[in-house]
Structures are given as structure tokens and as C-alpha cells.
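Presented below is the structure to which this report refers.
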């Protein structure tokens with residue numbers, strides 16, 4: 001399996017990780033990519049490396065696929081395939097964004113420093129992903145399979161409560177988490193004193209919200225001194241992530257999970 | 001801490017588990033209760049045991065609470081408190097439904113029989129909980145903090161695509177998972193050959209859907225022979241769960257996550 005486009009070279013004995021996700025958009029795949037990039041561990045991303053390899057993603061979500069080698073079928077991307085990690089050294093296949101992050105976290109050194117940290121990191125990553133789901137629903141509130149233009153009125157209503165009630169609820173929450181952990185994390189980390197997958201995940205959600213709701217983010221940022229003042233700019237400076245962001249390799253937000261429709265943003 | 005209302009007696013040395021959830025509704029708390037009941041492990045549920053103890057739930061989600069003893073604050077119930085399991089034998093506090101289930105699964109013997117099962121169980125539980133979230137959104141598609149009556153038009157539209165597209169997608173998916181695992185699970189278990197927290201979680205979602213959309217469930221049940229014909233009735237017969245269901249202790253669906261509004265159900 002080629003890893004030509006990957007930032008880092010796989011070392012002898014390192015597991016061979018394959019991220020299976022739609023090509024061309026960051027989407028939920030980006031939460032997984034950020035974990036690899038932060039840890040500077042190589043991974044393959046076939047649908048983005050070679051357009052002839054998209055089938056590796058889509059064959060796994062074919063409505064006839066019932067799983068393989070003891071792995072159940074995935075419902076949707078992202079999926080992670082790990083060579084030789086399944087039963088009798090077969091490939092292991094797992095899906096669901098928070099589940100893939102949970103699997104990778106300890107292996108990539110992003111799981112904090114004591115045993116119970118794992119459950120707090122998972123708790124916070126799940127909460128950040130809930131916010132990500134709500135951000136998706138701002139442009140698809142009533143019909144997942146229809147166009148935005150077919151649910152624009154509903155999107156306007158959903159987005160209003162999203163900006164006025166939900167964003168303050170989540171931002172206030174994460175501000176409190178950073179405050180409670182300020183002794184160890186100095187406002188830069190959610191759990192303990194070093195980077196975890198809760199941080200990379202929340203960062204990507206914040207970055208997506210800056211893309212989708214630039215006016216709202218600008219208007220409220222001074223209310224969240226730790227979250228917007230220290231955490232958001234701080235994570236971008238982390239080794240691995242800084243390189244990745246500067247590399248130009250990172251996929252740009254467009255018409256995926258986070259979308260910029262100016263009419264859904266703050267109007268004043 | 002009293003455990004007077006709990007089904008099972010805590011044995012010497014067993015951890016003291018406290019489920020913190022809203023009183024009176026099954027809600028997301030029920031996913032946690034089912035895991036305890038299936039394992040026949042005692043737990044305390046203070047808000048349901050004594051109305052004077054609701055504050056134990058609400059103090060933890062107070063907008064001023066920044067966490068305690070190294071546990072970050074929760075955003076919302078359910079939460080699980082485990083005596084002595086935190087740093088320096090303090091209480092550990094964790095939240096997020098799938099995270100609590102992940103924590104409990106191995107401790108309650110609901111995590112399958114080999115190491116990688118955990119990630120497949122978590123994957124399937126997360127997917128069942130996604131369906132649970134979509135079922136919630138059928139009556140609250142555009143404004144989480146408003147009444148159903150204020151978003152009835154949107155609910156009708158959301159529910160139509162939920163019944164016509166989303167339920168078949170999820171049901172078809174779980175049918176395939178059961179099919180792929182038929183050799184070990186005989187249509188009765190999602191992963192391997194014994195009960196896991198993916199099973200208890202999916203069962204509760206199916207039960208909620210039977211309450212909320214009885215006509216839809218009746219109309220389509222013959223399409224899903226394993227899911228509706230074997231899995232759904234089978235889980236109810238599991239030791240622990242059968243007792244619990246027959247005990248009358250289980251909270252009834254009402255105006256929570258799953259709601260029965262006949263106008264949102266199939267009309268023919």
C-alpha cells in the first residue's frame with residue numbers, strides 16, 4: 001500500500017494505518033488526521049492519494065457488505081483499517097469518529113498521563129463532536145439527504161438558536177473545563193498538562209466554526225479568554241500540528257460538515 | 001449513600017456506582033441502567049430514589065462548577081460517579097452516555113471476549129446512540145429549547161425523512177451486522193456470542209422507537225428478520241434484563257427522548 005503522500009515515513013514495526021474517508025473535504029476524517037499529524041505518525045489516506053482508490057472506502061459501506069475477519073461493517077466513513085491488528089493477524093476495521101480516536105489515542109501518545117484521563121478525554125472529545133454535529137445541522141436541520149437550498153428557512157431558524165444558545169453553552173462549558181484544569185493545562189490543554197485527542201478534536205471544531213460563522217466568532221471571542229485567547233491559538237503552535245497546518249496539505253473547508261453561508265451567520 | 005431502591009445488593013469490595021440523571025424519565029440514563037441490570041450489579045440512582053437528592057445531579061451541571069478531584073465538569077446528564085476510583089482515592093466523575101458505557105462495559109462483563117471486541121461494541125453502541133439522537137430530533141428538529149408545538153411543521157418534515165430514509169438505513173445496517181455475526185451471535189447478539197453493551201443500547205433504542213412510532217415499526221418489522229424477529233425479542237429474555245423489565249421498576253417512556261406523537265408516525 002503506497003504512502004507516498006503522507007507527511008511521515010513509517011518505521012519498521014510501526015502499525016500500518018489506513019484512514020478510509022471521502023476525498024476532497026476535511027469532514028470527520030480530519031479529526032483522525034489531526035491525531036496522526038500531532039503524533040507525527042504516518043497513515044495512508046487512499047481516497048485522497050489516488051482517485052482510483054476511492055473504491056477502498058465505498059466497498060466498505062456497500063449495503064451488501066456484512067464485515068470481514070470478525071469486524072462488523074461500518075455505517076459510514078471515517079473508518080480506520082489497521083494491518084494485522086484483527087483476529088489471527090487479519091486487518092482490523094473500525095468506524096465511528098470518537099471510537100477511532102479512542103483506539104488511536106493511547107497508541108499515539110495522546111491519552112494523557114494516568115488511567116482515568118482516558119475517560120475524561122473521551123468525554124470531552126464526544127462533547128466537541130456533539131457541537132460538530134450541531135454545526136452540521138445548521139445547514140441540514142430537517143432533511144439530511146436534501147440540499148441546503150431546500151431547507152433554508154429551517155436553517156435560518158436552527159442557526160439563530162445555534163448561535164444564541166448552543167454556541168454559548170458549549171463555549172462556556174469548554175471555558176470552564178480549561179479553567180478547572182488551569183493549574184496543569186495553563187489554558188492550553190483540556191486534560192492534564194499535555195496535548196490529547198480532546199484538544200485536537202475541539203480545535204478542529206473551533207476552526208470549522210471560524211470558517212462557518214466568522215462574524216459570530218469575532219463578536220464573542222473576548223468572552224472566552226481561555227478558549228479563544230489561549231487554547232485556540234495555542235494548539236496551532238503544537239509540534240506536528242504547526243508543520244501540518246503550514247504544509248498546505250490540510251484540506252480546506254468547503255461544502256462539507258462546516259459551511260459558510262453568510263445568511264446563517266450573525267447579521268450585525 | 002442509600003441504595004434502598006436498587007434491585008441488587010452491593011457486595012463487600014464492589015465499587016459504589018452512582019448514576020446521576022434527571023428523575024422520572026428513562027432518557028439517556030436508561031442506557032446506563034440497562035447495563036447495570038443486565039450485569040445484576042447494584043447502583044444508586046439518587047434523583048429517582050429521593051426527590052430531595054436531585055441537587056446531587058444539578059449541582060454537577062451548575063454553570064459555575066469547574067469539576068472536582070481531577071474530573072472535569074459534565075455538560076449534561078447522564079453522569080456516573082464512582083467512589084474512590086479517582087485520583088488519590090477521590091470520587092471519579094465521568095459523563096457522556098457512550099463514555100460511561102465504555103467505562104462500565106469491561107467491569108460489568110459486557111465487553112465481549114477479546115481485546116478488539118471493545119472497539120466494535122463501542123462502534124455499534126455509538127451508532128445506536130446516533131439513531132437515538134435522530135429519534136429525539138423528530139420532535140425537536142430546529143429549536144432544542146422550544147416546545148414541540150412551536151416546531152410541529154418542521155417535526156412533520158423531519159419525521160417523514162426519518163421514517164422513510166433514516167430508519168431503513170439504520171435498521172438495514174444493524175440487520176447486516178447481525179447477519180455478519182450470525183455464526184457466533186445467532187441473530188441474538190451484535191458482537192460475538194454473548195450480551196454486550198451494544199446489545200442493551202440498541203435494544204433500548206428499538207424499544208423507544210416502538211413507543212414513538214408504533215405504526216411504522218409494525219409496518220416494517222417483517223423486513224428485518226434478525227433485528228426485529230430475533231434480536232429485539234431475544235434481548236428481553238436475557239437474565240437480569242427480564243427480571244428488570246418484569247419488576248415494574250423500569251421508568252416508562254413519556255415526554256423525554258422518545259415521544260409518541262401520532263401525527264409524526266406513519267399515517268396509513
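Protein chains in written order, with the UniProt record's numbering: chain A, 1 to 268; chain B, 1 to 268. Here a beta-carbon is modelled for each residue, glycine too, at the ideal position from N, C-alpha and C.
So is residue 146/A in contact with chain B if we call contact Cβ pairs under 9 Å? Mapped onto the first chain, residue 146/A falls at position 146. Interface residue, yes.
In the DSSP assignment, what residue or residues form a beta bridge with residue 308/A? An answer regarding residue 308/A cannot be provided, because it is not within the stretch 1 to 268 covered by chain A.
Which of the three DSSP states is assigned to residue 100/A in this structure? Here the question's residue 100/A lines up with position 100 in the first chain. DSSP places residue 100/A within a helical segment (H, G or I) once states are collapsed to three.
Can you tell me the Cα-Cα spacing of residue 122/B and residue 151/B, whole angstroms? The residue you call residue 122/B lines up with position 122 of the second chain. The residue you call residue 151/B lines up with position 151 of the second chain. C-alpha separation (whole angstroms): 33 Å.
In the DSSP assignment, the beta strand (DSSP E) including residue 92/A goes from what residue to what residue? Translated into positions along the first chain, residue 92/A becomes position 92. Start and end: 92-95.
Give me the chain B residues within the contact set of residue 108/A, using Cβ-Cβ distance strictly less than 8 Å, ordered along the chain. On the first chain, position 108 is the one that residue 108/A refers to. Ordered by position in chain B, no residue passes the 8 Å Cβ test against residue 108/A, which lies about 15 Å from the chain.
Thinking residue 175/A and residue 224/A are a contact (beta carbons under 8 Å), I'd like their distance in whole angstroms, please. Along the first chain, read from residue 1 onward, the residue named residue 175/A stands at position 175. Along the first chain, read from residue 1 onward, the residue named residue 224/A stands at position 224. Going by Cβ atoms, the distance from residue 175/A to residue 224/A rounds to 5 Å, so yes, they are a contact pair.
Could you list which residues in chain B have their beta carbon closer than 9 Å to that of residue 86/A, in chain order? Against the first chain, residue 86/A aligns to sequence position 86. From the beta-carbon of residue 86/A, the residues of chain B found nearer than 9 Å are 116.
With 9 Å as the threshold, decide whether the Cβ of residue 3/A is near any Cβ in chain B. Walking along the first chain from the start, residue 3/A turns up at place 3. The pLDDT assigned to residue 3/A is 41, lower than 50, so where the model puts this residue is not dependable, and the model offers no usable value.
In this structure, does DSSP put residue 113/B in helix, strand or coil? Numbered from its first residue, the second chain carries residue 113/B at position 113. Coil, per DSSP.
Report the start-end ranges of each alpha helix (DSSP H) in the UniProt domain "GST C-terminal" (114-264) of chain A that is 4 residues or longer and not cut off at the edges. Segments of the alpha helix (DSSP H) lying fully in the UniProt domain "GST C-terminal" (114-264) of chain A: 117-137, 152-161, 167-180, 182-185, 197-212, 214-220, 232-235, 241-247.
Best match in 141/A, 173/A, 161/A, 153/A for proximity to residue 159/B [C-alpha to C-alpha]: For the purposes of this step, residue 159/B is identified with residue 159 of the second chain, where counting begins at 1. Considering only alpha carbons, the answer is 141/A.
Contacts of residue 200/B in chain A (Cβ-Cβ under 8 Å): Within the second chain, the letter at position 200 stands for residue 200/B. What residue 200/B touches in chain A: nothing, since even the nearest Cβ is about 17 Å away.
Determine, using beta carbons only, whether residue 65/A comes closer than 9 Å to chain B. Start at 1 with the first residue of the first chain, and residue 65/A comes out as number 65. Answer yes: the Cβ-Cβ gap between residue 65/A and chain B drops below 9 Å somewhere.
Should residue 222/B be labelled buried (16 or more other beta-carbon atoms within 10 Å of its own) or exposed? Mapped onto the second chain, residue 222/B falls at position 222. Counting other Cβ atoms within 10 Å of its Cβ, residue 222/B stays below 16 and is therefore classed as exposed.
Considering only DSSP beta bridges, list what residue 59/B is partnered with. Taking the first residue of the second chain as 1, we reach residue 59/B at position 59. Under the DSSP definition of a beta bridge, residue 59/B lacks any partner.
In the DSSP assignment, find the unbroken alpha helix (DSSP H) run with residue 32/B in it and report its ends. Translated into the one-based positions of the second chain, residue 32/B becomes position 32. Element bounds for residue 32/B: 29-39.
Distance, residue 188/B Cα to residue 262/B Cα: Position 262 of the second chain, counted from the start, is the residue given in the question as residue 262/B. Position 188 of the second chain, counted from the start, is the residue given in the question as residue 188/B. Each residue's Cα considered, the two are about 30 Å apart.
Assuming contact is defined by CB atoms lying nearer than 9 Å, are residue 16/A and residue 83/A in contact in what I supplied? Numbered from 1 along the first chain, position 16 holds the residue referred to as residue 16/A. Numbered from 1 along the first chain, position 83 holds the residue referred to as residue 83/A. It is a contact, given that the beta carbons lie within the stated cut-off.
If you measure from the beta carbon of residue 89/A to each beta carbon in chain B, is any gap under 9 Å? As a position in the first chain, residue 89/A is number 89, starting the count at 1. Taking Cβ atoms only, chain B never reaches closer than 9 Å to residue 89/A, which makes this a no.
Would you verify that the beta carbon of residue 263/B is, or is not, closer than 9 Å to some beta carbon of chain A? On the second chain, residue 263/B is found 263 positions in, with the first residue counted as 1. Closer than 9 Å: no.
Compare the C-beta of residue 268/A with all C-beta atoms of chain B and state if any pair is closer than 9 Å. As a first step, residue 268/A is located in the first chain; it is residue number 268 there, counting from the start. Any Cβ of chain B closer than 9 Å to the Cβ of residue 268/A would place that residue at the interface, and such an atom is absent.
Examine chain A for any beta-carbon lying closer than 9 Å to the beta-carbon of residue 235/B, and answer yes or no. Against the second chain, residue 235/B aligns to sequence position 235. Residue 235/B does not count as touching chain A.
Expressed to the nearest angstrom, what Euclidean distance is found between the alpha-carbon atoms of residue 13/A and residue 43/A? As a working note, residue 13/A is residue 13 in the first chain. As a working note, residue 43/A is residue 43 in the first chain. Rounded to whole angstroms, residue 13/A to residue 43/A spans 14 Å at the Cα level.
Same chain only: Cβ atoms within 7 Å of residue 8/A, ignoring 5 sequence neighbours per side: For the purposes of this step, residue 8/A is taken as the residue at position 8 of the first chain. Closer than 7 Å at Cβ, skipping near neighbours: 40, 41, 42.
Determine, using beta carbons only, whether residue 96/A and residue 127/B come nearer to each other than 9 Å. Here residue 96/A is taken as the residue at index 96 of the first chain, counted from 1. Here residue 127/B is taken as the residue at index 127 of the second chain, counted from 1. In this structure, residue 127/B lies closer than 9 Å to residue 96/A by Cβ.
What's the call for residue 58/A, buried or exposed, on a 16-neighbour Cβ count within 10 Å? Position 58 of the first chain, counting from 1, holds the residue named residue 58/A. Exposed, since its Cβ has fewer than 16 Cβ neighbours within 10 Å.
Cβ closer than 7 Å: which chain A residues qualify as neighbours of residue 141/B? In the second chain, the residue the question calls residue 141/B occupies position 141. Ordered by position in chain A, the residues that pass the 7 Å Cβ test against residue 141/B are 141, 142.
Contact check, residue 73/B vs residue 256/A, beta carbons under 9 Å: Looking up residue 73/B in the second chain gives position 73. Looking up residue 256/A in the first chain gives position 256. No, Cβ-Cβ distance for residue 73/B and residue 256/A is not below 9 Å.
Buried or exposed: residue 87/A, going by 16 or more other Cβ atoms within 10 Å of its Cβ? On the first chain, residue 87/A is found 87 positions in, with the first residue counted as 1. Exposed: under 16 other Cβ atoms inside 10 Å.
For residue 133/B versus residue 212/B, is the C-beta distance shorter than 9 Å? By 1-based counting over the second chain, the position of residue 133/B is 133. By 1-based counting over the second chain, the position of residue 212/B is 212. Their beta carbons are not under 9 Å apart, which means residue 133/B does not touch residue 212/B by this criterion.
Does residue 190/A come within less than 9 Å of chain B when only Cβ atoms are used? In the first chain, the residue the question calls residue 190/A occupies position 190. Cβ-Cβ to chain B under 9 Å: yes for residue 190/A.
For residue 179/B, go through chain A and note every residue whose CB falls closer than 7 Å to its CB, in chain order. Looking up residue 179/B in the second chain gives position 179. Correct list: 66.
What residue range does the alpha helix (DSSP H) around residue 286/A cover? Only positions 1 to 268 of chain A appear in this structure, which leaves residue 286/A out of reach.
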